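Numbering (UniProt numbering), first residue to last: 1 to 278.
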């Protein structure tokens, strides 16, 4: 396992990368800690995927060489390496598991036309193009600790003719929610200067603490020891005999275990629980 090993004197900066992860990347963080998933993922090999660079632009091209039955059970296009974190792992959720994907529609483009999304992204982002077994295309776009998964519709990005990429909204009823998702995706273009201390929101703090708790449990630590990692030994020695801190840690552990064991599907991916392990 490559995620951090917490202890009572832990430097939790190893978890700082979590602060900018989108909910679907956080879902991966919980899933990769699921024992049943790790058991399935053990069957993956590096030869399952074809990887090459695009001929004219710095884009990685991934395509499955083998059936992805186990990955599909978990809502994934192919089986990622569970030892890679939410930023580095090539995690691509299918539409059933992750219905709230930002959609990019590709249409024909004249040679003298520009494509704003393409022109803006290529110079500053690391882009991976993924093709599933039936030809559906996805993009993983990375920059400044942010990762955005895009699903592509319309013309193929791998075709001979140039295409113009535009953000698409499917369904009038979901208009406001989809606009919100698109705005969140555009955070990747922001000027995010690294701060000395991470800027946690209430949601990202709870997710981080839950992942830390799971890692503590994995290494045989008690709930009191988890509290020491999260809040410091001094506070635990002062407050552990009262009900509040014990209750908070108990709730945190239960919440984290529920997310790991399938709750991530509804709470982080916005789908009804249907995949393996639930």
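Virtual Cβ for every residue (Gly too), placed ideally from N, Cα, C. Model, not experiment: these values are computed from the prediction.
Residue environment, residue i, which counts as buried when at least 16 other CB atoms sit within 10 Å
| i | result |
| --- | --- |
| residue 163 | buried |
| residue 106 | buried |
| residue 56 | exposed |
| residue 165 | buried |
| residue 25 | buried |
Which listed residue (the options) has its alpha carbon closest to that of residue i
| i | options | result |
| --- | --- | --- |
| residue 81 | 204, 41 and 62 | 41 |
| residue 92 | 122, 124 and 132 | 132 |
| residue 142 | 100, 58, 108 and 11 | 58 |
| residue 43 | 220, 119 and 67 | 67 |
| residue 138 | 219, 60 and 29 | 60 |
| residue 248 | 118, 210 and 219 | 210 |
Residue i versus residue j: straight-line alpha-carbon distance, rounded
| i | j | result |
| --- | --- | --- |
| residue 94 | residue 77 | 6 Å |
| residue 289 | residue 237 | In the structure as shown, the chain begins at 1 and stops at 278. Residue 289 is therefore absent and cannot be evaluated. |
| residue 158 | residue 112 | 19 Å |
| residue 145 | residue 243 | 38 Å |
| residue 153 | residue 101 | 12 Å |
| residue 36 | residue 255 | 18 Å |
| residue 169 | residue 258 | 32 Å |
| residue 176 | residue 250 | 36 Å |
| residue 223 | residue 235 | 14 Å |
Proximity below 8 Å, CB of residue i to CB of residue j
| i | j | result |
| --- | --- | --- |
| residue 18 | residue 208 | yes |
| residue 140 | residue 134 | no |
| residue 269 | residue 98 | yes |
| residue 12 | residue 212 | yes |
| residue 150 | residue 104 | yes |
| residue 227 | residue 96 | no |
Contact belief for residue i with residue j at Cβ below 8 Å, rounded distance in angstroms
| i | j | result |
| --- | --- | --- |
| residue 129 | residue 62 | 7 Å |
| residue 216 | residue 206 | Incorrect: roughly 15 Å between the Cβ atoms, too far for contact. |
| residue 233 | residue 34 | Going by Cβ atoms, the distance from residue 233 to residue 34 rounds to 30 Å, so no, they are not a contact pair. |
| residue 120 | residue 189 | 7 Å |
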